[in-house]
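Protein chains in written order, with our numbering: chain Z, 294 to 562; chain Y, 294 to 562.
In what follows, a structure is listed as structure tokens, so that the remarks can point back to it.
Number of protein chains: 2
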Amino acid sequence: MNRKQLVNLIDEKQSFLCVGLDTDPVKLPEHLSKDAMGLLKFNKAIIDATLPYAVSFKLNIAFYEALGVEGWQALQETIDYIPRDKAFIIADAKRGDIGNTAAQYAKAFFKDLNCHAITINPYMGKDSVTPFLEYENKWSIVLGLTSNPGAIDVELQELKNGRMVFEETMDRMSQYGTDQNMMFVVGATKAEYFERLRSVSPNHFYLVPGVGAQGGKLEDLKPLMTHDCGLLVNSSRGIIYVSSDTDFASAAGEKARDLQQQMATMLNN
Amino acid sequence: MNRKQLVNLIDEKQSFLCVGLDTDPVKLPEHLSKDAMGLLKFNKAIIDATLPYAVSFKLNIAFYEALGVEGWQALQETIDYIPRDKAFIIADAKRGDIGNTAAQYAKAFFKDLNCHAITINPYMGKDSVTPFLEYENKWSIVLGLTSNPGAIDVELQELKNGRMVFEETMDRMSQYGTDQNMMFVVGATKAEYFERLRSVSPNHFYLVPGVGAQGGKLEDLKPLMTHDCGLLVNSSRGIIYVSSDTDFASAAGEKARDLQQQMATMLNN
């Protein structure tokens, strides 16, 4: 999926919502089996209910790896279930390694699983992202400034040149790709840095976690928007676990619609 | 496996060699099938041939994920094949994410796959490592200064406080664990920084890739050694692909023995 197609989806659905499928068998509604089979049923129902309001689904790979072989199978089947032209599919894998290894991850997530995008950890620099950028119409979503407390340890360290580590990182990584094949992860909880973020990457799309469970507010993200939206806002726990009863899917759909309606207002202002 | 047990293994085998199972089906000898089944046969033969000379095996998870469900199965079977008391088993996964996600990765690699250690990417800071440290006798091997050219983009940036990013990162991460449950990845190609590395983490074990294919030399690592060795030196391509014929395993064994003999000399000087 290219940027124009993604922006078309956002226009059509009047939404920039990404639903995070961080599906944990322990948290499944009582009537579903607490295994990979139950997880797959849950994911399919959530996808059906939220697809009209979401332009993207993000699969948190850790939750599938924690179920071993069956988890990987459920991951594959979940991805295959999402209509590829109606949603932007993100593997939230946060991979990052030397070139020959990054090439293997690129094969796994872009070719075999056929995701549109993967999240990338930039600590190891250039050669950890370039193998992903060789795939046409696929996206590398590089960690910029994350929403978690630990961001202080590396990302928010101040460099001798006056920049913070996250700014230097985003600037350098953006030189290896373009705003047509690279996005950045930017935490919703980091409002005090929004200006610095957009000054270093004025036109890149941002994937924004941290709205909902982590305390960030949707309306505060307005300053991060570009002329063509420029945002995918993720909500995981805040949507998929709204109800733990048999109505979990319709409750998730309603929550997604609430967020979509707020987003429509933001898109039209 | 705790530090004492690891050091005992090093003493017994007179080796601090880690064999990297970055097994790529494309590179398998002609008589083996180019799939997960062939890969598993290859791994078992390499393990048998190198176990007398290696104290550790490192599985590069990317190569298994690139084979999907069958790859994950081969990963599990390879790990189960390694005698757990005769080798320290490392999942080279370079994971790093917020707490609830890191906890899922910890379950996947420590509980289900039963590895002794996992490599961790520290870009997101404290909460990306702490869930791993809760497991007893398991190790987090945190990226410090890596051997690849891209290290210049983030790791080698200079901070306002005079340190480089890798030094600040290692110092901060070391405060969340101990030298009994945390190691660091340090590239063999980065000799000019060895003094700075040991001044910030004098007693931690280092996992050192970059000897062989990436150009680092074994004898140059002497300044990194501690009183109880303090090193695991990894060789992947330099051992497992020495021969692409039916004698691949015995050729790998011979190469491993060569390295072990050099290591014995280093241990006794």
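The C-beta atom is built at its ideal place from N, Cα and C for all residues, glycine as well.
- Query: Excluding five sequence neighbours on each side, which residues of the same chain lie with their C-beta closer than 8 Å to the C-beta of residue 494 of chain Y?
  - Reply: Start at 1 with the first residue of the second sequence, and residue 494 of chain Y comes out as number 201. Only 437, 463, 464, 467, 472 and 477 meet the Cβ criterion.
- Query: From the DSSP output, which residues share a beta bridge with residue 525 of chain Y?
  - Reply: Against the second sequence, residue 525 of chain Y aligns to sequence position 232. Beta-bridge pairing links residue 525 of chain Y to Y:500.
- Thinking C-beta only, is residue 322 of chain Y closer than 8 Å to residue 539 of chain Y? Here residue 539 of chain Y refers to the residue found at position 246 of the second sequence. Here residue 322 of chain Y refers to the residue found at position 29 of the second sequence. Cβ atoms of residue 539 of chain Y and residue 322 of chain Y: closer than 8 Å.
- Query: residue 293 of chain Y lies in the beta strand (DSSP E); which residues open and close that run?
  - Reply: Residue 293 of chain Y falls outside the range modelled here, since chain Y spans only 294 to 562, and no answer is possible.
- Item | Best match in Y:414, Y:356, Y:516 and Y:481 for proximity to residue 560 of chain Y [C-alpha to C-alpha] | Within the second sequence, the letter at position 267 stands for residue 560 of chain Y. Cα-wise, what sits closest to residue 560 of chain Y is Y:516.
- Counting only runs that start and end within the segment 432–505 of chain Y, where is the alpha helix (DSSP H) found for 4 or more residues in a row? 458–467 and 487–493
- Task: Specify the secondary structure class of residue 386 of chain Y as computed by DSSP and reduced to three states.
- Result: By one-based count along the second sequence, residue 386 of chain Y stands at place 93. Residue 386 of chain Y falls in the strand class under three-state DSSP.
- Which term fits residue 385 of chain Y, buried or exposed, when burial requires 16 or more other beta carbons within 10 angstroms of its beta carbon? The count along the second sequence starts at 1 and reaches residue 385 of chain Y at position 92. Burial call: buried.
- Query: So what does DSSP say about residue 421 of chain Z, is it helix, strand or coil?
  - Reply: To locate residue 421 of chain Z, count along the first sequence from 1; it is residue 128. The answer is helix: DSSP assigns residue 421 of chain Z an H, G or I state.
- Message: For residue 417 of chain Y, would you say it is in contact with chain Z, using Cβ-to-Cβ distances shorter than 8 Å as the test?
- Response: Within the second sequence, residue 417 of chain Y is the residue found at index 124, counting from 1. Cβ-Cβ to chain Z under 8 Å: yes for residue 417 of chain Y.
- Task: Take the Cβ of residue 571 of chain Y as the centre, count every other Cβ of all protein chains shown within 10 Å, and call the residue buried at 16 or more, exposed below.
- Result: Examination of residue 571 of chain Y is not possible in this model, given that chain Y is present from 294 through 562 alone.
- Query: Name the chain Y residues whose beta carbon is nearer than 7 Å to that of residue 513 of chain Z?
  - Reply: For the purposes of this step, residue 513 of chain Z is taken as residue 220 along the first sequence, with counting starting at 1. Going along chain Y, no residue has its Cβ under 7 Å from residue 513 of chain Z, so there is no contact; the nearest lies around 20 Å.
- Run down chain Y in chain order and give the residues with a C-beta less than 7 Å from the C-beta of residue 390 of chain Z. As a position in the first sequence, residue 390 of chain Z is number 97, starting the count at 1. Residues of chain Y passing the Cβ test: 355 and 387.
- Message: What residue range does the beta strand (DSSP E) around residue 411 of chain Y cover?
- Response: What you label residue 411 of chain Y is simply residue 118 of the second sequence in a count that begins at 1. Unbroken beta strand (DSSP E) run through residue 411 of chain Y: 410–413.
- Which same chain residues, not among the five before or five after residue 317 of chain Y, have their C-beta less than 7 Å away from its C-beta? Numbered from its first residue, the second sequence carries residue 317 of chain Y at position 24. For residue 317 of chain Y, where only same-chain residues beyond five positions count, the Cβ hits under 7 Å are 356.
- Task: Output yes if chain Z places a C-beta closer than 8 Å to the C-beta of residue 337 of chain Y; else output no.
- Result: By 1-based counting over the second sequence, the position of residue 337 of chain Y is 44. Judged by the 8 Å Cβ criterion, residue 337 of chain Y is not in contact with chain Z.
- Query: Anyone know if the C-beta pair for residue 360 of chain Y and residue 336 of chain Y falls short of 8 Å?
  - Reply: For the purposes of this step, residue 360 of chain Y is identified with residue 67 of the second sequence, where counting begins at 1. For the purposes of this step, residue 336 of chain Y is identified with residue 43 of the second sequence, where counting begins at 1. It is not a contact, given that the beta carbons lie outside the stated cut-off.
- Message: Using a 10 Å radius around the Cβ and a threshold of 16 neighbouring Cβ atoms, would you call residue 497 of chain Z buried or exposed?
- Response: Locating residue 497 of chain Z in the first sequence gives position 204, counting from the first residue. Buried, because 16 or more other Cβ atoms sit within 10 Å of the Cβ of residue 497 of chain Z.
- 6 Å CB neighbourhood of residue 533 of chain Y in its chain, flanking five on each side removed: The residue you call residue 533 of chain Y lines up with position 240 of the second sequence. Residues 339 and 545 of the same chain have their beta carbon placed closer than 6 Å to that of residue 533 of chain Y, with the five preceding and five following residues left out of the count.
- Task: Give a yes or no on contact between the segment 410–425 of chain Z and the segment 436–453 of chain Y, applying the rule of three or more CB pairs nearer than 8 Å.
- Result: yes
- Item | Cα-Cα separation, residue 388 of chain Y to residue 505 of chain Z | As a position in the second sequence, residue 388 of chain Y is number 95, starting the count at 1. As a position in the first sequence, residue 505 of chain Z is number 212, starting the count at 1. About 24 Å.
- Message: With a threshold of 6 Å on Cβ separation, who are the neighbours of residue 308 of chain Z within its own chain once the five nearest residues in sequence on each side are excluded?
- Response: Residue 308 of chain Z sits at position 15 when you count from the first residue of the first sequence. 346, 348, 553 and 556.
- Message: If you measure between the beta carbons of residue 434 of chain Z and residue 372 of chain Z, is that distance less than 8 Å?
- Response: Against the first sequence, residue 434 of chain Z aligns to sequence position 141. Against the first sequence, residue 372 of chain Z aligns to sequence position 79. Cβ atoms of residue 434 of chain Z and residue 372 of chain Z: not closer than 8 Å.
- Task: Check whether the Cβ of residue 441 of chain Y lies closer than 8 Å to any Cβ atom in chain Z.
- Result: As a working mapping, residue 441 of chain Y is identified with position 148 in the second sequence. At least one chain Z Cβ lies under 8 Å of residue 441 of chain Y.
- Query: If you count every other CB in all the chains shown that lies within 10 Å of the CB of residue 374 of chain Y, and 16 or more means buried, which is it?
  - Reply: Against the second sequence, residue 374 of chain Y aligns to sequence position 81. Per the 10 Å Cβ criterion, exposed.
- Task: Enumerate in chain order the residues of its own chain whose CB-to-CB distance from residue 299 of chain Z is below 6 Å, with the five nearest sequence positions on each side excluded.
- Result: Taking the first sequence and counting its residues from 1, the one referred to as residue 299 of chain Z is at position 6. Closer than 6 Å at the Cβ level, and outside the excluded window around residue 299 of chain Z, lie 381.
- Item | Cross-strand partners of residue 301 of chain Y (DSSP beta bridge) | As a first step, residue 301 of chain Y is located in the second sequence; it is residue number 8 there, counting from the start. Answer is none; residue 301 of chain Y lacks a bridge partner.
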